[in-house]
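The numbering of the sequence shown is this note's numbering, which starts it at 13 and goes up by one.
Even for Gly, the Cβ is constructed at its ideal location relative to N, Cα and C.
Report on one structure; see the data block that follows.
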Amino acid sequence: MKRTLDVLVVGGGIAGMSFATQLADLMGDRPLRIRLLRKTPAQVSCSYAAQGGVAAALHGADSVERHVADTLMVGAGRNDRAVVELVVRDGPALVDGLLGLGARFDADAGGRLHLAREGGHSVARVVHHQDSTGAELVRVLGERMANTSSIALLDGWRAVDLLLSKETAVPRCLGLRALHLGTRTLFDLHADVVVLATGGAGQVYAHTTNPAGATGDGIAMALRARAAVRDMAFVQFHPTALYTGGLGQAFLVSEAVRGAGARLLEYDGSPLMDGKHPMGDLAPRNVVARAIHRAIQRSGQAHVWLDVSPIGMARFAKEFPAIDRRCDELGIVPGRDLVPVAPAAHYLCGGIATDDHGRTGMPGLLAVGECAGSGLHGADRLASNSLLEALVVPRRAAATLAAISGPVKEVKDPESLRQHVASRAPEPIHRALQDLRHAMSTHVGIVRCHDGLRVALRVIAQCERVIAPMRSRRRWSQELFDLRDLVCVARAITEAALAEPESVGTHYLVRGRSRGASAYLPETRPGPAPTFSVPGTDRSLPADRPQHE
Ligand code: SIN
């Protein structure tokens, strides 16, 4: 009988891959089986889309203390200081390790790393690969995984629920119930340890930089298993998603573009951030997103502008090739044309409560990456601290597991429940999903008020009523599982927001009615389609109006 440490990692982004490769390294020759489940290939993950980079205090005027201070300032002091210090301190060694693995970070001819500046950072400290750092790290970690025999990649699986022990007072996680998307069959997969690395829940909102898979699965599974969550009120909106007039996944225009000199302009062409914050265009994200939100409400237009002409067309194309390509597809020439931008839901600062080793408090269950709330981010996340966290905490989690684990038990094959789910959900599920996203975008977005939050809770309760009759196994479908998880996370976000009495970080409360986010939700915006012209300026414009996504 072969006795092996059997680990299930849920999520194929950078946190999940980082955990799996580290554990495999640390376990050496000891028997180990890691199954890494992912819904979609890494190329459609949030990690892959990450443009910015890895924040680390490396050289020049920077220091660990300064990076810690910036993290605490942006997080409005709601961070866990000990976790901040620990994660930030690991940054420089982590970057060295990634270089050792072959990560191609931008550097000058002498090998000195180029550091980008982003919002909330008092100095340039973001190590990056052009404007595609996530893709580069996915490449590096993917190659390592492919060369590691103890890691099996299981593509096309959607985790549905945690399997819990019933006999102990504190339940233990025994594995997962998961849907094999190809055959639409449910399986129970047992393991010694489950590691949730399922990413964020941007799909709770109508307009998000997150891909379709960001449905909050891990957080919802943990909530149903009664694991603790923290900081759920704090949803970061990225100030500058490329505005195309469409809903769904928005393409990001990295904050590093502003770090390189681009300026935000109101719709009428006047500087947007002047006099609003000492850091101007590079103020913390919640400040900039709110200023844009107000500008949009004032003008009645659906977006503001990003003027990248201070960077120059040639330099822009060289340093931001992915953004340049996307603009080109839309007929926008950055530097010649102004780039239309609007905020979009980007990052959940909270999540499943963990310590700095990814431990959740439930035996057998770890959580890492965006689905986890380690306390690093507090009430808003310092830009590019998320990739740092997604690499540092999994490494610590893997080290702890490798240190305590001897051979555990016989490896069990997945147990099929012989339960197939429907290929498509009925119409009420689709309608409920739209209603949920609309309510969350309008009432639980950048600016909130208590009345609006209560309206959102009523919509959430209606969605729960739509889901309830679907509990019967005959009516299960992937879309139902998505809606169930999104509703669960939406409730956690909204209830946490209602419990916050004052504005802090990304949670901004006004008295009376917030007027919601409807200005940049095209479906709710009355009036003509966007024209992409700058009133009162001679700024040349894209020849054609960008296509809806
Ligand atoms: C960006 O490049 O602006 C996004 C980076 C991040 O979210 O940390």
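So if DSSP puts D167 in a beta bridge, which residue, or which two residues, is it bridged to? R50
Straight-line gap, G25 to G373 (C-alpha atoms, nearest Å): 23 Å
If we ignore side chains and look at the alpha-carbon of each, how far apart do A451 and M244 end up? 17 Å
Can you tell me whether Y60 is helix, strand or coil according to DSSP? helix
Considering only their Cβ atoms, is the gap separating P251 from I323 smaller than 7 Å? no
Rounded straight-line distance, which links the Cα of A224 to that of L191: 17 Å
Pick from A409, V152, M233, E155: whose alpha carbon is nearest that of R189? M233
Near the ligand SIN: E267 beta-carbon under 6 Å from a heavy atom: yes
Straight-line gap, W317 to A262 (C-alpha atoms, nearest Å): 16 Å
Between the CA atoms of A395 and P355 - distance to the nearest angstrom: 15 Å
Which ranges would you report for the alpha helix (DSSP H) in the stretch 322-410 if only whole runs of at least 4 residues count? 325-331, 333-341
Between which residues of its own chain and S311 is the CB-CB distance below 8 Å, once the five residues before and five after are set aside? E278, Y279, D280
The stretch 18-36 touching the stretch 125-144, judged by at least three CB pairs closer than 8 Å: no
Answer yes or no: the CB of A73 versus the heavy atoms of the ligand SIN, is any distance below 6 Å? no
Would you give the residue range spanned by the alpha helix (DSSP H) that T145 belongs to? 145-158
Buried/exposed call for R338, threshold 16 Cβ in 10 Å: buried
Please go through the same chain and pick out, in chain order, the residues whose beta-carbon is closer than 7 Å to the beta-carbon of S30, but skip the five residues on each side of it. L153, A402, L403, P406, R407
One question on the structure: do R483 and Q248 come within less than 7 Å of each other, judged by their Cβ atoms? no
Kindly list the residues whose CB is nearer than 6 Å to the CB of E331, restricted to its own chain and excluding five residues on each side of it in sequence; keep chain order. none
Going by Cα to Cα distance, which pick from W488, D497, A502, Y520 is closest to K193? Correcting the residue type first, residue 193 is Leu in the shown sequence and not Lys. For L193, the nearest C-alpha among the options comes from W488.
Where do the N-terminal and C-terminal ends of the beta strand (DSSP E) with Q248 fall, by residue? 247-254
Please determine whether the Cβ atom of G362 lies at a distance below 6 Å from any heavy atom of the ligand SIN. no
For the alpha helix (DSSP H) holding H450, just list the boundary residues, first then last. 439-455
Grab me the residues of A147's own chain with a C-beta within less than 7 Å of its C-beta, minus the 5 sequence neighbours each way, in chain order. Y60
Out of D143, A226, S75, which one is the CA nearest neighbour of D497? A226
What residues in its chain sit with their C-beta under 6 Å from that of L377, if we drop five residues either side in the sequence? C185, V206
Looking at the secondary structure, which residues open and close the beta strand (DSSP E) in which H565 lies? The question about residue 565 has no answer, for the chain in this structure spans 13 to 561.
Closest to P440 by C-alpha separation, out of V478, A209, V95, would be which residue? V478
Taking Cβ to Cβ, would you say G347 is nearer than 7 Å to V320? yes
Rounding to the nearest angstrom, what Cα-Cα distance links T256 and P352 in this structure? 8 Å
Outcome for H358 when other beta-carbon atoms lying within 10 angstroms are tallied against a minimum of 16: buried
Can you tell me whether R45 is helix, strand or coil according to DSSP? strand
Which residues share a DSSP beta bridge with A434? S489
Rounded C-alpha distance that separates R170 from R124: 42 Å
Could you have a look at P513 and say whether DSSP puts it in helix, strand or coil? coil
Could you tell me whether any non-hydrogen atom of the ligand SIN is closer than 6 Å to the CB of A402? no
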